[in-house]
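Per the numbering used here, residue 3 is the first one in the sequence shown, and the count goes up by one each step. For each residue, glycine too, the CB sits at the ideal point set by N, CA and C.
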Amino acid sequence: MADLLAVLYGEMLNVRPDDPQWPERDRFILSKGHCCTGVYAALALRGFFPMAELASYGMDGSRLMAHISHKVPGVEFSTGSLGHGLPFGCGRALAAKRRKLGWRVFVMLSDGEMDEGTNWESILFAPQHRLDNLTVIVDYNKVQSLGAVSDVLELEPLADKFRAFRWAVREVDGHDHQAVRDALKSQPWEPGRPSCLIAHTVKGKGVPFMENQLLWHYRNPNDAQLADAIRGLETAK
3 MADLLAVLYG EMLNVRPDDP QWPERDRFIL SKGHCCTGVY AALALRGFFP MAELASYGMD
63 GSRLMAHISH KVPGVEFSTG SLGHGLPFGC GRALAAKRRK LGWRVFVMLS DGEMDEGTNW
123 ESILFAPQHR LDNLTVIVDY NKVQSLGAVS DVLELEPLAD KFRAFRWAVR EVDGHDHQAV
183 RDALKSQPWE PGRPSCLIAH TVKGKGVPFM ENQLLWHYRN PNDAQLADAI RGLETAK
């Protein structure tokens, strides 16, 4: 997910850190709210709040809690319980369409989150209302909280399912910044249709002992593991 956020916040999203509520801003909604640390880091790097505040994550009284909160500058919507980000994003995109406003809505979903029925209702709703100002990004790492996605509820053929619901669909390597950039900068891909970018990713990418390991969906590293993780990420740059 970090690579996707790097492209979005580094190059794509039309936002103003000095004016988080700027009316013409693009709206980014993290529907997989448990992955908020990545967004917090991106917001701090972009200048929405001081980098030093990241050290307060999870502490009593901090704005930076374990599920993303709209109390944090730059965050559009509080999420945590899965399946609510896309319905909200559809509403925002529909409002922008009806008011003839030019900003875009981006919603990031997890693959495990695709088990939620509210997402499929929204996937049906968006093309009916020609929401070509809406882009869904599926972080498709094939691992969810209880096991492999293919073992819990198989999603394939995911791209064909979105196409059957009348979405414009592209698939990319979610760690290839250029591929993600090229896809996102050319939207809408088809006028009158919402866009779905299926980003194939590796859970824990860049930290070899974490990659594709279900345990690290929950586990905190000890000091030695943290040092190894940092070295792995530095090597992966």
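Top-ranked residue by Cα proximity to residue i, from the options
i    : options                : result
F164 : M14, K99, R100, S124   : S124
L160 : L186, H179, E115, G35  : E115
M67  : I232, C198, G35        : G35
I200 : S33, P193, W122, R172  : R172
T137 : G119, V109, S152       : V109
P129 : W24, L217, P190, D28   : P190
G206 : K187, Y142, V174, Q180 : Y142
S64  : G49, S152, Y42         : Y42
K144 : V182, H86, E213        : E213
Those residues which DSSP pairs with residue i across a bridge
i    : result
H202 : Y142, D175
A150 : V145
M110 : L32, I139
S197 : T137, A170
Integer-rounded CB distance, given that residue j should sit under 8 Å from residue i
i    : j    : result
F90  : I31  : 6 Å
I139 : L47  : Between L47 and I139 the Cβ distance is about 19 Å, and since that is not below 8 Å, they are no contact.
N16  : W122 : Going by Cβ atoms, the distance from N16 to W122 rounds to 29 Å, so no, they are not a contact pair.
V107 : N135 : 6 Å
M3   : C38  : 11 Å between Cβ atoms; not a contact.
Burial state of residue i, where buried means 16 or more other Cβ atoms lie within 10 Å
i    : result
K73  : exposed
E118 : buried
P193 : exposed
G149 : exposed
M53  : exposed
F167 : buried
R29  : buried
P25  : exposed
I232 : exposed
* Decide if the stretch 79-97 is in contact with the stretch 5-12; the criterion is three or more beta carbon pairs, one per stretch, under 8 Å apart. => No, the stretch 79-97 is not in contact with the stretch 5-12.
* Segment contact flag, the stretch 42-57 with the stretch 95-109, C-beta cutoff 8 Å, min 3 pairs -> Segments in contact, no.
* Asked: Are the stretch 186-202 and the stretch 224-231 in contact at 8 Å, needing three or more beta carbon pairs?
  -> No, because fewer than three Cβ pairs between the stretch 186-202 and the stretch 224-231 fall closer than 8 Å, the two stretches do not touch.
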